[in-house]
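Peer 1:
There are 2 protein chains.
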Amino acid sequence: MNTTAVIMAGGKGERFWPKSRTSCPKQFLSLTSDGETMIQKTVKRLLPIVAMEDIFIVTNSAYTALVKEQLPEIPTENILAEPCARNTAPCIAFAAAVIGRKYDDAIMIVLPSDHLIANEILYADTLKKAVTVAEKGENLVTIGITPSYAETGYGYINFGEEKDGAYTVERFVEKPDLPTAEKYLASGKYLWNSGMFIWKLSSVMANIRKFMPDIYSGALKIGESFGTAEFNGVLEREFTAFRSESVDFGIMEKADNIYTLPGSFGWDDVGSWLAVERINDTDDNSNYIDGDVIAENTRHTTICGGKRLIATVGIENIIIVDTDDAMLICSKNSTQDVKKIIARLKEQGRNNLV
Amino acid sequence: MNTTAVIMAGGKGERFWPKSRTSCPKQFLSLTSDGETMIQKTVKRLLPIVAMEDIFIVTNSAYTALVKEQLPEIPTENILAEPCARNTAPCIAFAAAVIGRKYDDAIMIVLPSDHLIANEILYADTLKKAVTVAEKGENLVTIGITPSYAETGYGYINFGEEKDGAYTVERFVEKPDLPTAEKYLASGKYLWNSGMFIWKLSSVMANIRKFMPDIYSGALKIGESFGTAEFNGVLEREFTAFRSESVDFGIMEKADNIYTLPGSFGWDDVGSWLAVERINDTDDNSNYIDGDVIAENTRHTTICGGKRLIATVGIENIIIVDTDDAMLICSKNSTQDVKKIIARLKEQGRNNLV
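Listed in order, the protein sequences are those of chains A and B. Heads up, the working numbering is the position in the first sequence plus 1324, with the first residue counted as 1. Heads up, the working numbering is the position in the second sequence plus 1324, with the first residue counted as 1.
#1: Could you tell me the distance, in whole angstroms, from the CA atom of residue 1432 of chain A to the CA atom of residue 1360 of chain A?
#2: Of all the options A/1534, A/1334 and A/1466, which has the alpha carbon lying nearest to the alpha carbon of residue 1350 of chain A?
#3: So, is residue 1569 of chain A buried or exposed, given that buried needs 16 or more other C-beta atoms within 10 angstroms?
#4: Assuming the contact rule is C-beta atoms closer than 8 angstroms, residue 1367 of chain A and residue 1331 of chain A should be a hit. Round their C-beta distance to whole Å, please.
#5: Unbroken beta strand (DSSP E) runs of length 3 or more, entirely within the stretch 1485-1529 of chain B: which are they?
#6: Assuming residue 1663 of chain B and residue 1338 of chain B form a contact by the criterion Cβ under 8 angstroms, report the distance between their Cβ atoms to the nearest whole angstrom.
#7: Is residue 1574 of chain B helix, strand or coil when you go by DSSP?
#8: When the Cα of residue 1416 of chain A is compared with those of A/1521, A/1602, A/1426 and A/1655, which residue comes out closest?
#9: Using the rule of at least 16 other Cβ atoms within 10 Å of the residue's Cβ for burial, across every protein chain shown, is residue 1572 of chain B buried or exposed?
#10: Do residue 1577 of chain A and residue 1483 of chain A have their beta-carbon atoms positioned less than 8 angstroms apart in this structure?
#11: Three Cβ pairs or more, each shorter than 8 angstroms: is that satisfied between the stretch 1612-1632 of chain A and the stretch 1465-1478 of chain A?
#12: Report yes if the C-beta distance between residue 1544 of chain B and residue 1421 of chain B is below 8 angstroms; otherwise report no.
#13: Given this structure, state the Cα-to-Cα distance separating residue 1341 of chain A from residue 1493 of chain A, to the nearest angstrom.
#14: When you compare only the Cα positions, how much space is there between residue 1594 of chain A and residue 1401 of chain A?
#15: Given this structure, state the Cα-to-Cα distance separating residue 1344 of chain B from residue 1675 of chain B, to the nearest angstrom.
#16: Rounded to the nearest angstrom, how far is the Cβ of residue 1460 of chain A from that of residue 1488 of chain A, given a contact under 8 angstroms?
#17: Quick one: is residue 1628 of chain A near chain B, going by C-beta distance under 8 angstroms?
#18: Determine the closest residue to residue 1464 of chain A out of A/1582, A/1519 and A/1598, with distance taken between C-alpha atoms.
#19: Curious, which full-length alpha helix (DSSP H) runs of at least 4 residues does the stretch 1581-1630 of chain B contain?
#20: Closest Cβ-Cβ distance between residue 1677 of chain A and chain B: below 8 angstroms?
#21: Please report the distance separating the alpha-carbon of residue 1442 of chain A from that of residue 1651 of chain B.
#22: By alpha-carbon positions, which one of B/1363, B/1649 and B/1457 ends up nearest to residue 1397 of chain B?
#23: If you reduce the DSSP assignment to three classes, tell me which class residue 1419 of chain B lands in.
#24: Over the uninterrupted beta strand (DSSP E) stretch that includes residue 1384 of chain A, give me the two end residues.
#25: Could you tell me how far apart the beta carbons of residue 1585 of chain A and residue 1450 of chain A are, in whole angstroms, since I believe they sit closer than 8 angstroms?
#26: Which of the three DSSP states, helix, strand or coil, is assigned to residue 1483 of chain B?
#27: Which value, in whole angstroms, describes the spacing of the CA atoms of residue 1357 of chain B and residue 1601 of chain B?
#28: On the three-state DSSP scale, how would you describe residue 1333 of chain A?
#29: What is the rounded straight-line gap between the Cα of residue 1413 of chain B and the Cα of residue 1504 of chain B?
#30: If you run the structure through DSSP and keep just helix, strand and coil, what is residue 1538 of chain B?
#31: Restricting to Cα atoms, I'd like to know which of A/1467, A/1427 and A/1598 is closest to residue 1660 of chain A.
#32: Quick check on residue 1438 of chain A: buried or exposed, where buried means 16 or more other Cβ atoms within 10 Å of its Cβ?
#33: Compare the C-beta of residue 1348 of chain B against all C-beta atoms of chain A and say whether one is closer than 8 angstroms.
#34: Taking a contact to mean a Cβ-Cβ separation below 8 angstroms, would you say residue 1575 of chain A touches residue 1532 of chain A in this structure?
#35: Taking any Cβ of chain B, which residues in the stretch 1463-1482 of chain A have a Cβ under 9 angstroms from it, in chain order?
#36: Residue 1383 of chain B: buried (16+ other C-beta within 10 angstroms of its C-beta) or exposed?
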């Protein structure tokens, strides 16, 4: 059975403002010193498992030019342009319907476009195991990340017994408070929900039909028109009519045959500016510094410089990001609030800065 | 007797980098919302006491164009250009020698160019009283600032008994440590040394002759050549040969007839970026914000914006100063260390940023 991959690349990356903008969100940025963008890395690490012509990118129609520019090897017909954002369930249904025109059945690996993986060998091995599990019956497999601390910013997967080389899933739980996260960590029965899914096309379509029949029928219409002159019109009409729904809530929390495979391959969701010091080398003062910077008595600080000199004196635990038209100076405790700056800019009608 | 004023405007203002540069130091900047530069304010507040044509500006030769531009009303011949920096004693001797060509004797008010005064009426009244004291005998009068807290960054004046409408000076003391400053404050017998002096030309010349005969003879030569074709050559030769000497050490700590008048007119030496929040209005979060700024959960922070948006999130007690080619982000505890950035830039040979 062919193995295909669907990379979901429609995110807005608001927490990486001011580098991430509506016109070029996080997945199209390089946040590491090697200069590769997040989505380029995502494709590259898939190549030991999936052929280039079987990698599909679902993104917002505003970003298809960026995808073509950054990933010229991906066949143009594999770049699926959503006319609007409807969360992960319609995204996956759209991709599944299109892949259904190419293969009667296939393995579908569904991945975010903006995460980092430190150990790509272990990553590929884990995905291969997941493919083996997914090939059996109607199994829906998700990769769970072995928690290294009591993170409150992720959803968790409570797993049960070992079965068929994976673990059954008892339940998915939302982002916990700290005492709950600590309990999860101590129990040894919880994994972080990474948003990576592996299943057969036939399995996911059966579950979409069962739990989201409206989305199923719209997706079928989109798939039927794929490659025809009607495609754009059908896509626009059907996709726009979809409700927003996550695949977690729409399928995973309801379906049977849910399995999880623990992954320990150095996963980072690069969820905020705090990630930059985790995914890059830091200096003797625990600073990550990129660009023209003079740091005097500065510690635990992340500086992503721009075209001008940035001089810091006596600061710590600060994130500084410079761009041509906007600069962020943010406490490390407040990285989740970067979104509030975007909200303020929108209120002010300053869309050129968003 | 005519009253003249000498404004010392040769400072480098390094603690106000990156706004203050070698090419345009602090005294030529506006640090208040009214847009007036420090030296413009200094001249303006003197006008109730001194006629424009009796105000002399001593500055580095690199800044004469800036002085002419900012103070077009000052007669060109009153702008005295030092060929190099030699601290306050040679500066005052130079000015005294030149004024000696205009007046046989006169009152000389000597002032820094880069301080702020909140109450200009009380300031003028204090200077007038000082002039009265200076007119008697060979009195050398200095304005002492009534301390409002135990500052360790200023020198202090220990005053004695009241005499002739002023106080005798027991001694000048260098910047104290905190316990000493607290003792000074509690004693009620100490004032801050503001660097403002009032004396007769004849008095100061007599004391320069007595305590710094080398500088006296050089200054006389400069004065004699003033207005002749030889002036620039004499000035270059004599002034460059002067040793660096402060008037405090060179005269005030040695002379007799030293008097001080306590001033309580809202003096601020604008000694570091910390001053900006003192001399301007702050908002409800105790921030001083100038420019295009979005401040989210930001307190006790000073932001001097430039041409781009500055967004702050969750920070406090930080000073942010933006310019076209360099940006400073400095803890309020570290404003004295801004000079270290300049030292680093010089090491790197980046004189365009100094």
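Backbone N, C-alpha and C define an ideal beta-carbon position, used for all residues, glycine too.
Peer 2: According to the structure shown:
#1: 25 angstroms
#2: A/1334
#3: buried
#4: 7 angstroms
#5: 1490-1497 and 1514-1524
#6: 5 angstroms
#7: helix
#8: A/1521
#9: buried
#10: no
#11: no
#12: yes
#13: 36 angstroms
#14: 29 angstroms
#15: 13 angstroms
#16: 6 angstroms
#17: no
#18: A/1582
#19: 1599-1603
#20: yes
#21: 34 angstroms
#22: B/1363
#23: helix
#24: 1379-1384
#25: 6 angstroms
#26: strand
#27: 11 angstroms
#28: strand
#29: 28 angstroms
#30: helix
#31: A/1598
#32: buried
#33: no
#34: yes
#35: none
#36: buried
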